[in-house]
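Here is the structure we will look at, set down as structure tokens.
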Amino acid sequence: MCTSGGTTIDWAVAALLSALLLAVVNITDKVIMTGMGLRVRGFLLFIGLQTLITVIVVAVVNPFPAVGVDVYVRGIGVGLMWGIGAPLVLWTLSREEVSRVTPISHSHPLLVVIFAVILLGESLSLLESIAAALAVGGALLAAIRLSDAGQIRLSSSLAYLGIAVVIIALAQILLKTVTDDLSFWHAMALRSAGMAPTLLVMNLRKPILIELGRFMLSPSNFTALAVDAIAATAAMTLITFAIATGPVSLANAFASTTPLFVFFASVLLARKTRLLGNEALGRGALVQKLTAAGLVVTGLAIISLA
159 MCTSGGTTID WAVAALLSAL LLAVVNITDK VIMTGMGLRV RGFLLFIGLQ
209 TLITVIVVAV VNPFPAVGVD VYVRGIGVGL MWGIGAPLVL WTLSREEVSR
259 VTPISHSHPL LVVIFAVILL GESLSLLESI AAALAVGGAL LAAIRLSDAG
309 QIRLSSSLAY LGIAVVIIAL AQILLKTVTD DLSFWHAMAL RSAGMAPTLL
359 VMNLRKPILI ELGRFMLSPS NFTALAVDAI AATAAMTLIT FAIATGPVSL
409 ANAFASTTPL FVFFASVLLA RKTRLLGNEA LGRGALVQKL TAAGLVVTGL
459 AIISLA
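Under our numbering, the residue at position 147 of the sequence shown is numbered 305, and the numbers go up by one with no gaps.
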């Protein structure tokens with residue numbers, strides 16, 4: 159780039175586009191399962207096949223380098239953990255509002271920080287502690303519901319999402335040890351190498367394969383799956399570019415805005431279409447979900463910048 163201003167715009171736009179595309183992925187996941195009728199196991203089979211293709215493409219285009227066996231074991235271990243966490247996330251997403259699920263599912267960077275304190279002996283500054291409290295508060299606010307009698311209750315399905323977030327956070331810590339020895343793309347391919355067999359073993363059944371095949375025969379359904387896969391790949395590419403060319407902290411702060419994009423997009427879709435029929439659009443619910451998303455985004459942004 160010719161000027162520092164141009165470079166700044168480039169990485170910032172890339173990070174924001176990554177957040178926007180991740181919002182597209184979250185909403186498309188929800189629409190595919192609840193609006194178009196693909197059951198969770200059929201969707202997981204699709205993801206398993208997609209990640210298997212990813213491994214093959216990376217291995218052919220850019221063969222894996224010679225590194226210690228332990229690096230490959232850790233990389234595949236990351237994938238195994240994602241293979242356990244992803245079904246829990248999708249199962250919850252199929253039953254809950256996407257605008258509630260996203261602030262919780264995207265709070266895993268906060269747990270990475272907390273686990274780093276517990277497992278690696280790192281310390282938090284006062285500002286980081288406040289940020290952590292904001293993000294935790296936002297995630298809890300997204301999880302609670304108020305009954306007509308004013309009673310607070312937690313959805314049982316969101317408890318499974320909490321387990322998934324813990325697993326994914328631990329996987330991200332392990333992934334960091336892999337990227338010390340391998341490129342980002344090789345690390346992601348190893349994650350796919352662990353994730354693909356996990357999902358295929360759980361979901362590669364004749365009835366599920368037939369269901370997925372029939373689902374993909376519809377042009378609109380096939381397009382939705384293609385958009386989902388392309389958006390996920392593009393988001394990963396953009397955030398990698400943003401981190402590589404700009405300040406890591408600012409890039410991550412920009413990328414953490416996904417829950418806000420999901421909130422506004424889900425409200426728009428729920429009002430204009432029937433694709434997100436279970437989204438609560440009452441004033442109280444909207445204020446609650448927007449506040450939850452805002453708290454999570456603010457907390458994650460502060461942690462990234464601190």
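Even glycine gets a Cβ: it sits at the ideal position worked out from N, Cα and C.
Inter-residue spacing [alpha-carbon to alpha-carbon] between Gly163 and Thr403
Legend: pLDDT at Gly163 = 46, less than 50; position of this residue unreliable, value from coordinates given subsequently. Approximately 12 Å, taken between the alpha carbons.
N-terminal and C-terminal residue of the alpha helix (DSSP H) that Arg258 is part of
256-263
Start and end residues, beta strand (DSSP E) containing Leu178:
Element bounds for Leu178: not the beta strand (DSSP E) but the alpha helix (DSSP H), 162-188.
Report buried or exposed for Ser281, applying the criterion of at least 16 other Cβ atoms within 10 angstroms of its Cβ.
exposed
Curious, which full-length alpha helix (DSSP H) runs of at least 4 residues does the segment 379-427 contain?
406-413
Is the CB-CB distance between Pro156 and Thr250 below 8 Å?
Outside the shown range of the chain, which is 159 to 464, sits residue 156, and nothing can be said about it.
Determine whether the beta carbon atoms of Val208 and Ala387 lie at a separation below 8 Å.
Contrary to the premise, residue 208 reads as Gln rather than Val in this sequence. Contact flag set, yes.
Straight-line gap, Leu433 to Ile310 (C-alpha atoms, nearest Å):
28 Å
Thr356 lies in the alpha helix (DSSP H); which residues open and close that run?
342-361
Ignore the nearest five residues each way along the sequence and tell me which others in Lys447's own chain have a CB closer than 7 Å to its CB.
Ser257, Arg258, Ala300, Phe421
Look at the Cβ atom of Ser414, then the Cβ atom of Leu362, and state whether they are nearer than 8 Å.
no
Coarse secondary structure for Ala438, derived from DSSP in three states:
coil
For the alpha helix (DSSP H) that contains Pro245, what are its first and last residues?
227-251
What first and last residue would you give for the alpha helix (DSSP H) that runs through Met374?
364-375
Taking only the alpha-carbon atoms, compute the straight-line gap between Leu370 and Leu319 and give it to the nearest angstrom.
24 Å
Counting C-beta neighbours from all protein chains within 10 Å, is the total for Pro365 16 or more, i.e. buried, or is it exposed?
exposed
Going by other Cβ atoms of all chains shown within 10 Å of its Cβ, with 16 needed for buried, is Gly279 buried or exposed?
exposed
Close-in-space but distant-in-sequence residues of the same chain around Ile214 (CB under 8 Å, 5 per side omitted):
none
Using 8 Å as the Cβ pair cut-off and three pairs as the minimum, do the segment 376-396 and the segment 230-237 touch?
no
Does DSSP put Met191 in a helix, a strand or coil?
helix
Tell me which residue opens and which closes the alpha helix (DSSP H) that Phe204 is part of.
198-219
Between the C-alpha atoms of Val219 and Val336, what's the straight-line distance to the nearest angstrom?
20 Å
Backbone CA spacing between Leu203 and Leu284 [nearest angstrom]
44 Å
Do Gly206 and Ala354 have their C-beta atoms closer together than 8 Å?
yes
Rounded to a whole number of angstroms, what is the C-alpha to C-alpha distance between Leu180 and Phe342?
18 Å
Would you identify the three-state DSSP class for Ala290, choosing helix, strand or coil?
helix
How should Ser465 be labelled, buried or exposed, when 16 other C-beta atoms within 10 angstroms of its C-beta is the threshold for buried?
Any question about residue 465 goes unanswered here, given that the chain covers just 159 to 464.
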